[in-house]
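Asker: Supplied in C-alpha cells, the structure appears directly below.
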Amino acid sequence: MVSIIMGSDSDLPVMQKAADILTELQVPFEMTVVSAHRTPTRMFEFANNAHERGIKVIIAGAGGAAHLPGMVAAISPLPVIGVPVKSSNSIDGWDSILSILQMPEG
C-alpha cells in the first residue's frame with residue numbers, strides 16, 4: 009500500500025498524476041492532505057504510524073520550502089519520495105525542487 013500525501017488541496021492536480029499511475033499499475037493507495045505547517049500534530053501521528061497501518065512507501069508533495077517530505081522522512085521508518093509542487097507563491101517551483109534535493113538523508 010502506498011500513501012500519497014500533500015501539504016494542501018492545491019497540490020492535488022500534481023499528486024493526482026501519481027494516483028493515476030498507481031491506479032493504472034493496480035497498486036493500492038490512499039491519498040490525503042497532511043500539512044507540516046497547519047497540522048503538525050496530525051503529520052507526526054501519520055508519519056509515526058503509517059508503517060503500522062501497512063503502508064510501504066510514502067509519496068509526499070509540497071510547494072514552497074517543501075518541508076513535508078523531509079519532516080515525514082525524519083519521523084517514519086518508511087521510504088519517502090518527495091514531489092516538488094509549483095505553487096502560486098513559489099519561485100517557479102525551484103524552491104520546492106531545491107529544498108527536496110538538498111534534504112539530508114532520513
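Okay, so the sequence shown: first residue is 9 according to the numbering used here, each after it adds one. No residue lacks a Cβ here, since even glycine has one placed at the ideal position from N, Cα and C. This one's a predicted model, so the numbers in the text were calculated from it and none came from an experiment.
By Cβ distance, which residues of its chain are closer than 6 Å to I105, with the 5 residues on each side in sequence left out?
Answerer: P92
Asker: Could you tell me whether the stretch 54-62 touches the stretch 79-88, where touching means 3 or more Cβ pairs closer than 8 Å?
Answerer: yes
Asker: Return the CA-CA distance between Q24 and E32, expressed in angstroms with no decimal places.
Answerer: 12 Å
Asker: Applying the 10 Å Cβ sphere with the 16-neighbour rule, what's the burial state of D19?
Answerer: By the neighbour-count criterion, in which a residue is buried when 16 or more other Cβ atoms sit within 10 angstroms of its Cβ, D19 is buried.
Asker: For S95, which option in P112, Q110 and A70 has the closest C-alpha, if you only look at C-alpha atoms?
Answerer: A70
Asker: Since M79 and A44 are thought to touch, with beta carbons under 8 Å apart, how far apart are those beta carbons, to the nearest angstrom?
Answerer: About 5 Å separates the two Cβ atoms, so the contact holds.
Asker: Would DSSP call V22 helix, strand or coil?
Answerer: helix
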